[in-house]
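Residue numbers (this note's numbering), protein chains in the order written: chain A, 756 to 1016; chain B, 756 to 1016.
Note that CB positions come from ideal geometry on N, CA and C, so glycine has one too.
Small disclaimer: the values here were computed from a predicted structure and weren't measured.
Worksheet: the structure to be examined is printed underneath.
2 protein chains.
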Amino acid sequence: MDQSDKPTERESEPELPNKSALPISLVTIKAACSQCSLHELCLSEGLSKEELSKLDNLVGSRRKLKRQQSLYRVGDPFEALYAIRTGFFKTDILLEDGRDQVTGFQMAGEILGMDGIGTEAHSCNAVALEDSEVCIIPFSQLEQLSREIQTLQHNFHKVMSRELVRDQGLMMLLGTMRAEERLAAFLLNMSQRFTTRGYSAAEFHLRMTREEIGSYLGLKLETVSRAFSRFQEEGLIAVQQKHIRIIDGDGLKRLLNHQPR
Amino acid sequence: MDQSDKPTERESEPELPNKSALPISLVTIKAACSQCSLHELCLSEGLSKEELSKLDNLVGSRRKLKRQQSLYRVGDPFEALYAIRTGFFKTDILLEDGRDQVTGFQMAGEILGMDGIGTEAHSCNAVALEDSEVCIIPFSQLEQLSREIQTLQHNFHKVMSRELVRDQGLMMLLGTMRAEERLAAFLLNMSQRFTTRGYSAAEFHLRMTREEIGSYLGLKLETVSRAFSRFQEEGLIAVQQKHIRIIDGDGLKRLLNHQPR
DNA sequence: ATATCGTATTGACATGGATCAAAGCGACAA
DNA sequence: TTGTCGCTTTGATCCATGTCAATACGATAT
Chain A
756 MDQSDKPTER ESEPELPNKS ALPISLVTIK AACSQCSLHE LCLSEGLSKE
806 ELSKLDNLVG SRRKLKRQQS LYRVGDPFEA LYAIRTGFFK TDILLEDGRD
856 QVTGFQMAGE ILGMDGIGTE AHSCNAVALE DSEVCIIPFS QLEQLSREIQ
906 TLQHNFHKVM SRELVRDQGL MMLLGTMRAE ERLAAFLLNM SQRFTTRGYS
956 AAEFHLRMTR EEIGSYLGLK LETVSRAFSR FQEEGLIAVQ QKHIRIIDGD
1006 GLKRLLNHQP R
Chain B
756 MDQSDKPTER ESEPELPNKS ALPISLVTIK AACSQCSLHE LCLSEGLSKE
806 ELSKLDNLVG SRRKLKRQQS LYRVGDPFEA LYAIRTGFFK TDILLEDGRD
856 QVTGFQMAGE ILGMDGIGTE AHSCNAVALE DSEVCIIPFS QLEQLSREIQ
906 TLQHNFHKVM SRELVRDQGL MMLLGTMRAE ERLAAFLLNM SQRFTTRGYS
956 AAEFHLRMTR EEIGSYLGLK LETVSRAFSR FQEEGLIAVQ QKHIRIIDGD
1006 GLKRLLNHQP R
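Listed below in structure tokens is the structure:
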């Protein structure tokens, strides 16, 4: 029932048969692309079978990461984008003065690495928060293929644009919301993204610490913890460490839409 | 001497001769593209003359805006990107509950509208803060041309990626910096961008109100005003309403790199 | 000149969240 | 079972910024 709590187990799912050992069939291609690219987040939406097959060639190589391992770090040369197949990541920035901030949490079906395109080097760190697997998309090949395939080109542009809009939303959160509003927005966002991926909207397991949540939301960990406690007292959620159950989602939404003042 | 104070006068510069009345010459093309796309921000960097000419065809149409006029609004159907030729813009978001936030200030050579690609509709408002002129870049044509011209494609991807990185920086600012640090970062950023455009690094005229600065930085206008005053007392800058002179730029930088605590 | 309006400055006070500190809890190893 | 370690919760205080209010400034119109 509570499948949302178990995605880590997907790690141990049997590997797909080694592609190179088999004739490439539409079945394995579909499997490969439907895994890493659920829903509309994906680069492959709307592609013909033939086009999908080209994309799949490009995306052939994968990489597994253990919890706490970095996918890339600030300054690493930019070579590829990464589509998350399974697992959970954070991106963060660390300034010389010790200041750091989590700039995002990413889950299956989302694309990492676009920060590196502009300067040929990554501008943030991407760290796995649980054992994870990504598909490696060499960027120059993606550009080449998207010169051939209009739909792919447009999909990629949409992905980048949505990322811009997501960032705008986060700025709004950081610039105008109070602690409880921020946390409510965060929980609703998580819930919505888990739902999109077929997990429970009401019950899930957070992969990040209070400190990481706080960093993302521009709050201290104690403030996050207190807000969790208050939500629990008010019957909005049930918290037990990293396990969250949303009891009154509408109540959380009301927190958001309420007058700032 | 203080040219930084006068960019508005560029508004009244004589229009280029009507292109359709003349054979397209490399001169007018160069003039058109070198105007709107100073430096590396531009989509046209590294293009051959022939390629530039194709881009210029695409970018033919322009639009003038008076101060306070909207270039586009939330929900407007997305059709084109806009390259700022002259003038100064802000983008902002307004929530139902009255909350609003400035998400960016844009000046000549920068590109507006990328927020609309992902959903086919704009997700923010773009408003001219002084009389301005933009080049209209119909997006489907840009995609088409960037399927032909690899360099153009890559330039566009770089522009979007840099926007992502800019947003990361702003998140860092909103999430971890204190009021004076935020304002120092803002002033240094403005100074740097004016410099890039050939204006004075030390002296410039802000086009936005204290309230707009505050909204952008996640502060109230009074806090912005007080920080300006304190900088002045400390001999870092000279403020007179919207006119700013940076006296001790290194002092401002020191404010930034200092331990957060 | 004088009045008006939007914007900016400054002061006095209130408060949300940070900071500091101490327990509590759960997982894992010895 | 006991100890350790990382994470979380909770309490007591502090302080940066928000809030409210008064005044000043500068541009424009009368």
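Give the DSSP-derived three-state secondary structure of residue i in the structure shown.
i: A/GLN923; result: helix
i: A/TYR954; result: coil
i: A/ARG818; result: strand
i: B/ALA863; result: coil
i: B/LEU1010; result: helix
i: B/ASP716; result: Any property of residue 716 of chain B remains undetermined from this structure, which presents chain B solely from 756 to 1016.
i: A/LEU991; result: coil
i: B/LEU907; result: helix
i: B/LEU850; result: coil
How is the beta strand (DSSP E) around residue i delimited, first residue to last?
i: B/GLU888; result: 887-893
i: B/ILE872; result: Unbroken run through B/ILE872: none, as it is neither H nor E.
i: A/ARG933; result: No beta strand (DSSP E) contains A/ARG933, which DSSP labels as neither H nor E.
i: B/ILE1001; result: 998-1001
If you draw a straight line from the alpha carbon of residue i to that of residue j, how long is it in whole angstroms?
i: B/GLU898; j: A/GLU898; result: 12 Å
i: A/SER825; j: B/ALA835; result: 38 Å
i: A/SER862; j: B/HIS960; result: At residue 862 of chain A the sequence reads Met, which differs from the Ser that was named. Distance between the alpha carbons of A/MET862 and B/HIS960 is about 44 Å.
i: B/ALA883; j: B/LEU943; result: 22 Å
i: A/ALA786; j: A/VAL914; result: Caution is warranted here: a pLDDT of 46 is assigned to A/ALA786, below 50, making its placement in the model unreliable, and the coordinate value is therefore given only provisionally. Taking the straight line joining both Cα atoms gives about 21 Å.
i: A/ASN880; j: A/ASP847; result: 5 Å
i: A/LEU805; j: A/LYS819; result: The question names Leu, but residue 805 of chain A in the sequence shown is Glu. If you take the alpha carbons of A/GLU805 and A/LYS819, they lie about 28 Å apart.
i: B/GLY924; j: A/LEU849; result: 11 Å
i: B/PHE911; j: A/ARG854; result: 31 Å
i: A/THR874; j: A/ASP1005; result: 43 Å
i: B/SER808; j: B/SER799; result: 10 Å
i: A/PHE941; j: B/LEU929; result: 16 Å
i: A/LYS821; j: A/ALA982; result: 31 Å
i: B/GLY969; j: B/ARG937; result: 10 Å
i: A/ILE992; j: A/ASP1003; result: 7 Å
i: A/GLU989; j: B/ARG1009; result: 45 Å
i: B/THR950; j: A/LEU900; result: 38 Å
i: A/GLU958; j: B/ARG828; result: 37 Å
i: A/HIS909; j: A/MET932; result: 33 Å
i: B/GLU865; j: A/LEU974; result: 32 Å
i: A/PHE833; j: A/SER878; result: 9 Å
i: B/MET945; j: B/ALA956; result: 8 Å
i: A/CYS797; j: A/TYR837; result: 12 Å
i: B/PHE1069; j: B/THR841; result: There is no way to answer for residue 1069 of chain B, as the model of chain B reaches only from 756 to 1016.
Give me the Cβ distance between residue i and residue j, rounded to the nearest whole Å; I'm assuming they're in contact under 8 Å.
i: B/PHE843; j: B/ARG948; result: 11 Å between Cβ atoms; not a contact.
i: A/ARG817; j: A/CYS890; result: 6 Å
i: B/LEU1007; j: B/ILE1001; result: 7 Å
i: B/LYS845; j: B/GLU967; result: 6 Å
i: A/ILE839; j: A/SER887; result: 7 Å
i: B/THR858; j: A/MET926; result: 6 Å
i: A/LEU1094; j: A/GLN896; result: The structure shown has nothing for residue 1094 of chain A, since chain A only spans 756 to 1016.
i: A/ALA876; j: A/ASP831; result: 7 Å
i: B/LEU810; j: B/LEU919; result: Contact flag wrong, Cβ pair sits at about 23 Å.
i: A/ASN1012; j: B/ASP852; result: 5 Å
i: A/ARG902; j: B/ARG985; result: With 8 Å as the limit, A/ARG902 and B/ARG985 do not qualify as a contact, their Cβ atoms being about 53 Å apart.
Is there at least one non-hydrogen atom of the ligand MN closer than 7 Å to the beta-carbon of residue i?
i: A/LEU836; result: In the structure shown, the ligand MN is absent, as is every other ligand, since no ligand is present at all.
Every unbroken alpha helix (DSSP H) within the stretch 941-985 of chain B, with a cutoff of 4 residues, ordered by chain: 965-972
Alpha helix (DSSP H) segments (min. 4 residues) lying fully within the stretch 800-847 of chain A: 804-813
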